[in-house]
Each structure stands twice: as C-alpha cells, then as structure tokens.
Amino acid sequence: MATERYNPRDAEPRWQAKWNEESVFVTDNNDPREKYYVLEMFPYPSGRIHMGHVRNYAMGDVVARYKRARGYNVLHPMGWDAFGMPAENAAMQNKVHPKDWTYQNIATMRNQLKSMGLSLDWSREFATCDVDYYHRQQYLFLDFMEKGLVYRKQSKVNWDPVDNTVLANEQVIDGRGWRSGALVEQRELTQWFFKITDFSQDLLDALDTLDQWPEKVRIMQKNWIGRSQGMSVRWEIVAETAPAGTQEVTVYTTRPDTLFGASFLAIAADHPLAKEAAARNPAIEAFCEECRRAGTSVAALETAEKKGYDTGIRVKHPLDPSWELPVYIANFVLMDYGTGAIFGCPSGDQRDLDFARKYDLPVVPVVMPRDGDAATFAIGDEAYVEDGVMINSRFLDGMTTDEAFETVAEKLGAQSLGNQPQGERKVNFRLRDWGISRQRYWGCPIPVIHCADCGVVPVPKADLPVKLPDDVTFDVPGNPLDRHPTWRHVACPNCGRDARRETDTMDTFVDSSWYFARFTAPWEDKPTDPKVASHWLPVDQYIGGIEHAILHLLYSRFFTRAMRETGHVDLKEPFKGLFTQGMVVHETYSRGEGMQREWVAPADIRIEELDGKRRAVLLATGEDIKIGSIEKMSKSKKNVVDPDDIIASYGADTARFFVLSDSPPDRDVIWSEAGVEGSHRFVQRAWRLISEAAERLCSVDAAPAREGEALAISQIAHKTLKAVQGDYDKLNFNKAVARIYEMVNALAAPLTKVANGDADPAYTAAVKEAVLILVQIVAPMTPHLAEECWATLKQNGLVAKASWPAYEEALTRDNEITLPVQINGKKRAELTIAPDADQNAVQSAVLALEAVQAALAGQTPKKIIVVPQRIVNIVV
RNA sequence: GCGGACGUGGCGAAACCGGUAGACGCAAGAGACUUAAAAUCUCUCGGAGCGAUCCGUGCGGGUUCGAUCCCCGCCGUCCGCACCA
4 MATERYNPRD
14 AEPRWQAKWN
24 EESVFVTDNN
34 DPREKYYVLE
44 MFPYPSGRIH
54 MGHVRNYAMG
64 DVVARYKRAR
74 GYNVLHPMGW
84 DAFGMPAENA
94 AMQNKVHPKD
104 WTYQNIATMR
114 NQLKSMGLSL
124 DWSREFATCD
134 VDYYHRQQYL
144 FLDFMEKGLV
154 YRKQSKVNWD
164 PVDNTVLANE
174 QVIDGRGWRS
184 GALVEQRELT
194 QWFFKITDFS
204 QDLLDALDTL
214 DQWPEKVRIM
224 QKNWIGRSQG
234 MSVRWEIVAE
244 TAPAGTQEVT
254 VYTTRPDTLF
264 GASFLAIAAD
274 HPLAKEAAAR
284 NPAIEAFCEE
294 CRRAGTSVAA
304 LETAEKKGYD
314 TGIRVKHPLD
324 PSWELPVYIA
334 NFVLMDYGTG
344 AIFGCPSGDQ
354 RDLDFARKYD
364 LPVVPVVMPR
374 DGDAATFAIG
384 DEAYVEDGVM
394 INSRFLDGMT
404 TDEAFETVAE
414 KLGAQSLGNQ
424 PQGERKVNFR
434 LRDWGISRQR
444 YWGCPIPVIH
454 CADCGVVPVP
464 KADLPVKLPD
474 DVTFDVPGNP
484 LDRHPTWRHV
494 ACPNCGRDAR
504 RETDTMDTFV
514 DSSWYFARFT
524 APWEDKPTDP
534 KVASHWLPVD
544 QYIGGIEHAI
554 LHLLYSRFFT
564 RAMRETGHVD
574 LKEPFKGLFT
584 QGMVVHETYS
594 RGEGMQREWV
604 APADIRIEEL
614 DGKRRAVLLA
624 TGEDIKIGSI
634 EKMSKSKKNV
644 VDPDDIIASY
654 GADTARFFVL
664 SDSPPDRDVI
674 WSEAGVEGSH
684 RFVQRAWRLI
694 SEAAERLCSV
704 DAAPAREGEA
714 LAISQIAHKT
724 LKAVQGDYDK
734 LNFNKAVARI
744 YEMVNALAAP
754 LTKVANGDAD
764 PAYTAAVKEA
774 VLILVQIVAP
784 MTPHLAEECW
794 ATLKQNGLVA
804 KASWPAYEEA
814 LTRDNEITLP
824 VQINGKKRAE
834 LTIAPDADQN
844 AVQSAVLALE
854 AVQAALAGQT
864 PKKIIVVPQR
874 IVNIVV
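Quick note on numbering: my numbering labels position 359 of the first sequence as 362, and the sequence is numbered without any gaps.
Given below as structure tokens:
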C-alpha cells in the first residue's frame, strides 16, 4: 500500500494560494470577538532573510495560528524598517539609489517570507520609507513639538571628518570611524532632542507593571534609567581665588554623610570653571584637551590612570567655613552627569582614593564597619564603600550612614549661601534625552524651517509631507540633502521670506517607535485612529531579539507616552507581553592558519564520521577542513544557511518545525544538517502514517470505543492536546514538539493496524479522533502539512479556519497510576493503584508488597509518607 | 568593578509547587527488509558490576522522610553596563 512521499514543493504553494484566495489572515477591525495582537519585530530589508528571521517569524506564527484557532480576532501584520545607513552605503558602493535598493530588497524578502507560509495580514504592510508612513511621523513630530517634547540644543557628537557626518556611539570603534577609519572628533553641534527624561520616573515605575516581560530586560532598563537619590551641595569659592563673576561650585553627591571626609573638589574638563581656567592658562588648556581625547576612546581604558590639574581655586567646606579645599580638573569626572562636579571623599570611594594617593591629599576615614574600632580603623589601598558607623565626623560621630545622610540633608537645607539653601535633596537619572538628528539622506526629514527673522518654524501640517528629493548624489561624502541645489531653499511659512529647510533627518529608531500603532489602521490620514489603536494596543505578544532590550523598547515606551499626551493613543505601555528569542547558531569551518585563515561555507563541505570522530571535507577537492566553534550565523564567518535553500530542499514546514524544536525558544538553537533531516523525517513519517490509513479512517462512521486499546489511544490524544495547549500558551515550543513526537510514536502501530484493515470500526473511530487532534495541534507549526492531511482525511474547510479542539478532562486522567515506593529515600518497589485511592488504602497496599516486606526484613516503619498521586516513602 | 543568567549522558534537552533524573530529538551500535544502496522498521544506548545492587544533575557543606530544584561558601561559562560621584 505504497503512498507517495509528501512533496512540499507542490503542497506548500498550493495551500498558500488557497489561504490567500480565502483571505484567511486578513483582519477586520470591526470583528466583535476578543482581540489578540501578536507582533514580531519587523525586519530591516538588508537583502535576504536569514535563519534568525525564520525562527522569529515561525514563533510568532505559531502564536497567531494558535490564538486564531482559540477564537480570538488576531492581528498579525508585517512591515519593513526601511530607512538607514546600509541603503546609503550601497548607494555609494554600487551606484544604486537607496530607494531602489531598499524596495528591491523588500520585494525579495517579501517573497521569501511568503514562501514560509506565515499567517500574516499582508493588506496592512508598509515600509517606514513609504511617504505615507513618514508623512504621519512628521505629523507626530509636530504634535510633540507643540507639546514641548522636542527641543534643540548644542551637544557634543562624534564627528567623522572624512565622511563629514555624525556617527552614533556604536559606529565609533577604537576612536575611529567604522567606515572611513578617520580619528573621530568631538564637535559641538545643534541637534534635535526628544524629551524622554520627562518620563524618567514613570518609565522606571511602570517597569514593575510589565509582568509578562523577561526579568532580564526589566533590570537592564532599570539600570539604564539609573535613578539615584542624593543632594546637590553648593560650595563657596574663597574670594581671592575666584574667577571673575563666579562665587560658587555646585556638586552632586549620593553620599552627603561622608562630607567630613572630603579632601578636594573635582570638576569635568568641560565644566564652565575649567573652560574659564583654560582660557587663562595654556597648561590647563592642554590638560583639558587631553581629557577630551581620552573620553572619545572606548571603555578599554578602564585602567586609565586618575589624573588631575589643580586650578588654584579654593572652596570653603559647607559645614566649616574655616576649612579650605582645592578644586581640581579631573579626567574621571563626567560633564553630562549630575552637575559635572564632585567632592572627593577618598576613604569612601575608590576613584577618589586613587586620586588622593597620587596627589598626596588627605585620606580621612569617616565610615567604618558596625563592628569596627574607631581607634584602629584605617584605609589602605581599598576605600570602604559600604554602610556603617560614622567616625571623625564631629556631630555625626556614632550615627549610622543613613542617619548621617538625613542629618546633613536637614542642616544644609536650613543653611543658606547667598539667598538660597546650601544643599537640596535631588534625584538624578542616568537617562539622557534622545538625540535624533542625523546628517543623513535616507531617513525621515525633520519638518521644520529655519528663518532668519522668525527663527525655527514648524512646517504647517497642511504642507506635509516634507518629501525626500529623489535626485540626489552620493559621489561626495556628507549629507546629500545639504548640497541639493534646490531642496533646502524654501519660503518661510510665517513671513514668506527666503528660508532654509532643516536638512537633518530622524534617527531610524524613531521609525520603529510607533509602527505597531500604525498597523492598527495603516490607511488612516492621521498617524492613528485613536479609537482603533486603543482597541488593538497593547501588543499582546511581542517577539524579537534581546539586542533591542534597551534602545528600541525604551524608545517605544517613551513614544507611546508622548502619543498619549498628544491624543493619538490612550495607553502608556505598548507591549504587554515580551519574548526575547535566542539566535540561530552554526558550526564554523575554515582552512589555513592565522592571517591565512579562510572561512568555508557549510554548503561547500561534507561531514564524515569515522570511529565516532567527525571531520569536514571540502566537496570540491576532498581537502580536510577545520571544524571550529559554534557561532551566530554571519556572512563574515560564512557559517550561514540560506532559508531559500532549505525551503527548496525540505519545505517551509520542515524549516519551521526544526527552528522550534530542540532548544527552548529563548536560548540559541544550533542549526545542523542532521537536525533538519530529523525534522524532515517527522514530516514524512506523519504524512505516510496518516495517508496510508486515510481511506479506512474516512470510511468509518462508528463512535470511538472507550475501552481497552482504543481507550488508551484516546487518552494519549487528549493528554497530548491538553499538554500542547499549555505549551503554546507558555511559548514552550520545544516541549510541544517533544509531546507531538511522542504522540506520533504512540499512533504509529494503531495507524498501521487500521491501514492493514485489521481494526474494527469503533477502534478505527478512536484512531481517527486522535489523528484529527494530531493534525490540529501540529497545524500552528507545520501548517501546510496539516492542511494536506486535513484534506486527505476529507475534513471540511481549512485547518487554518478550524477551531481548536476541546479535550475531555476524563480522558486526560488514568484509571490506574504507578507510584514509586521508597524506603528511606531509596526506590525499592512500585505500586499500581487507582489514582483516587485514599491514604490508608495506599499504605496497606504498599506494606503488602513483597518487595517491601523483603526490604523491611521485619522492621516496623517509623513513618510512612504518602504524597497523593506522587510517591510513597517508608522511613524505618 | 557592578548587575544578571546559566552549569544535567557523546550532543540539544526534559523533569509541574521539593517527590521514579535523563521524556523527546540528534549522533552512535546491532539486527530485519533489499542483488545492493537509499528509505523504512525493530532493539541497545549515563557509569561500574555476571548479578541482586551501587554511584551519578560543576565542587564543598547545610535544611528535609526525600534536593537538579531551597539555603551558605567556592569554581567555571555566557550576557549587559561600565569612571554615573
């Protein structure tokens, strides 16, 4: 009874066409059923999809198909994060317009995604570089501006003097531009900023409400926002040493309790006082310049020596005016945190201690451990940074660190310098405002106009969109918008005189900060239809890589708040559930050593196994190839497998099934040829078993038997259904895969029996019921195979439209269970008994067991522990 | 340095709330079918022992009738942040 092998190349396009024909995945905003919004992070159209995409979108698709079957109105859209530098780089290298490059890539990748059979609503598709999209982004920008959430300020940026552009921090490698290799300069430029810091506290507090986010991501965001509680303290400058017009220095500290341990003040090289001093003294100027340069290079300088320069300025201690301290410019003080000035307490801070030792400044211990001895406690090479008891601190002596903090805060709050309190409690955040200006062409133009008379004038909404010009050149470095002959020249909307367009474009992270809201009504003239957006949002399940744990997710949280303040949505948190999936990794292969090393693609080799030893051989020549470590798939290491090739040889279902099996979804999965073949074997096996029995399964119309062997089959089916349902709810795809394997193993013999005509109708009916359950529970993972089986079993309609089957609770319970019996914690016997047997019955049954009698050897048990339906332990 | 996660067979892993450690898959070995190969099917598969048994979840302790799971102390791997006052 030979059946044909399942042929995905024939079946998959056929079912995809069918789904399309019946618009199965097009979502109606007015559907009255409960909503479920599942979204995977949209891709950057770099050229082709990679296995990471396959895994990400396979997971999202399982959720979407499962929730659809569970009766939800599911929104599962797809789009393109399409602005960005790679398009411009391609334009410079290959003389292709960024727009053409991008849209061609989108066309290719759309086809690839479609060949995966994803249940996406393609009618809502857009790219962020579509005029229709960035038009509404400009609209949002103007609304934010009106609300005071956008501003301009001078700020230091990484400037590449060869490419004439600003570089993001990630694009500066060892102090050099990643493309040009030129030494990066720090430049003061006027930049546009979003006021994300307006929401620092709220962004921090609300993290506690995101209980469906990974703990890890919440902690990372918490650290990034970096709240600290302290005081700002004003120090009076000794008159004779004060520069003209300056009488005080304000520092920020989280340890006002250690004020009596102060031995110097330190300010950043960019602090106004330092600049003032530099203007008077070339040596100071040189020192500041040195500090700035060091600041540019990467954190590799962790061991950088603490260096300082005495400005000659002296300040009076806030709690003792007769006590004078020196003011240094120091290379370890940051201008953009706190006030750019600190007081140094060497005994309580390692950096301050290093600095004090170098410049011979006093080191006075002011805090000691609770069990310490004030007479002998001393500071050696390590500062004491813990809490403890105050010493050498006059009226603070004997207090705890916390009490001393409070006392100093009260005292400095009451004391005044000039007409103001000398110190104030202050909360500081590490989070900075979001600089969004990019001197780039391929981004969303910032919709403002600079007028000599009227200043910065927003483009009126009626004049939107500010479209990118198509006729630009990339033969010279720099921003093509800046040198376009006409684009920047425009009449001032206010006074009508000649004015200049803003030529900066927005950071591409802006584009991805609200696309999830746009998907809810991409046809709208306004950025959103607030009612519709508020119906669909938050995204119930968002799935993507951990690399976006901070930037994208934090920006989106800010954007949602800003959109709420401007009336575009009515919620604060965009993503209710977040899941960060692991990467797809692969072995690496190489030939040659050291500088001569050359990476070899998996497609060019063959793996051989001899006496348990694996070796790799180059297909072309038979040459031995070195098998290297397992790493993230990357073009540079050539350890990539093209999804197209896999889909062509095994089909999309096999690829989907494989990336979901084996590893838990949040961990990396190792791609291997053998593993894929295993998944493919499963697809073929399931098809073979089902199709061979299909005819007889279809012809049966009896009720399933609920006894004997047939009952066992039904129990397996219903138990598996219940378990897989739970696995899908928790995104435990690897466990669902394992349970489905188990079920297929269990159904193999019964199906063969049916196929051979050896089964009676009631038995056949039980097998049929089980098979239909199997088809439905694999459908989210291998949807094409499921449709093919569904049709072969002559079921009506599509699995994609079928509702999820309900399991019978009674069939998920066994009528007998086997309990392990332990004596003193060691397993000595097994007891088979009814699951609802009471404790006494279990006890006497256990004691009656021969093995137990033998093991006890006449001893009387001290205690018998019976854990219902779990275990029995006899203690002697 | 700070913060977090993880450590289980040859490999990926599973084990619910503290209750039979290793489900499921991969690899390997043996066999059946075949002229042969592929495919498929059956069996074995943590270690020691002929065996009843004993030992095994990174290492050392502890709590418990019972610990992969909880507590304390180490070791190792990975990730994030990094002069944040």
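We put the beta carbon where it would ideally sit given N, CA and C, even for glycine. Source: prediction; values computed, not measured.
Helix, strand or coil, according to DSSP, for cysteine 498 in the structure here?
coil
Assign tyrosine 731 to one of two classes, buried (16 or more other C-beta atoms within 10 Å of its C-beta) or exposed (fewer than that).
buried
Cα-Cα separation between glutamate 251 and phenylalanine 582, rounded to whole angstroms
50 Å
Segment contact, 8 Å Cβ cut-off, at least three pairs: the region 132-147 with the region 554-569
yes
Three-state secondary structure assigned by DSSP to glycine 678
helix
Expressed to the nearest angstrom, what Euclidean distance is found between the alpha-carbon atoms of arginine 435 and aspartate 201?
10 Å
Tell whether a beta-carbon distance below 7 Å holds between asparagine 108 and proline 46.
no
Which first and last residues belong to the beta strand (DSSP E) in which leucine 192 is found?
188-197
In the structure shown, what three-state DSSP assignment does glutamate 791 receive?
helix
When burial is assigned at 16 or more other CB atoms within 10 Å of the CB, is leucine 364 buried or exposed?
buried
Count Cβ pairs between the region 272-291 and the region 334-342 that sit closer than 8 Å; are there 3 or more?
yes
Please classify methionine 338: is it buried, with 16 or more other beta-carbons within 10 angstroms of its beta-carbon, or exposed?
buried
Tell me the rounded alpha-carbon separation between serine 515 and tryptophan 445.
15 Å
Selection from Ser559, Pro450 and Gly458 that minimises the alpha carbon distance to alanine 465:
Pro450
From Ser593, Ile608, Arg609 and Ile610, pick the residue whose C-alpha is nearest to that of tryptophan 602; which is it?
Ser593
What number of angstroms, rounded off, separates the C-alpha of alanine 749 from the C-alpha of isoleucine 776?
14 Å
Selection from Leu714, Gly654, Ala713 and Val740 that minimises the alpha carbon distance to alanine 726
Val740
Nearest CA to the CA of glutamate 43: which residue from Gly585, Phe358, Met62 and Lys225?
Met62
Distance check for aspartate 208 and threonine 261, CA to CA, integer angstroms please.
29 Å
Look at the alpha carbon of glutamate 292 and the alpha carbon of valine 169, and state the distance between them as a whole number of angstroms.
20 Å
For cysteine 447, does the three-state DSSP call read helix, strand or coil?
coil
Hey, out of Trp238, Leu268, Lys98 and Asp656, whose CA is closest to leucine 322's CA?
Trp238
Excluding the five sequence neighbours on either side, which residues of its own chain have a C-beta within less than 6 Å of the C-beta of threonine 257, listed in chain order?
Ser231 and Gly233
Could you spell out the range, first to last residue, of the alpha helix (DSSP H) harbouring asparagine 735?
Run containing asparagine 735: none; DSSP gives neither H nor E here.
Return the residue from the list Val430, Ala851, Pro783 and Arg443 that minimises the CA-CA distance to glutamine 204.
Val430
Quick check on the DSSP output: the alpha helix (DSSP H) that includes glutamine 115 runs from which residue to which?
101-118
As a quick exercise: from Lys70, Val686, Val41 and Ala854, pick the residue whose alpha carbon is nearest that of asparagine 59.
Val41
Distance CB(serine 350)-CB(proline 329) smaller than 7 Å:
no
State the beta-bridge partners of proline 424 as determined by DSSP.
Ser419
Quick one: give me the first and last residue of the alpha helix (DSSP H) that glycine 63 is part of.
54-72
C-alpha gap between valine 160 and tryptophan 195, whole angstroms:
12 Å
Ordered along the chain, which non-local residues of its own chain (more than five positions away) have a Cβ less than 7 Å from that of proline 823?
Lys830, Glu833 and Ile874
With a cut-off of 8 Å on the beta carbons, I'd call glutamine 141 and leucine 467 a contact; round off their distance for me.
5 Å
Is it the case that the Cβ atoms of tyrosine 75 and glutamate 128 are separated by a distance below 7 Å?
no
In whole angstroms, what separates the C-alpha of glutamine 856 from that of glycine 711?
33 Å
Would a C-beta distance cut-off of 7 Å place arginine 443 and aspartate 510 closer than the cut-off?
no
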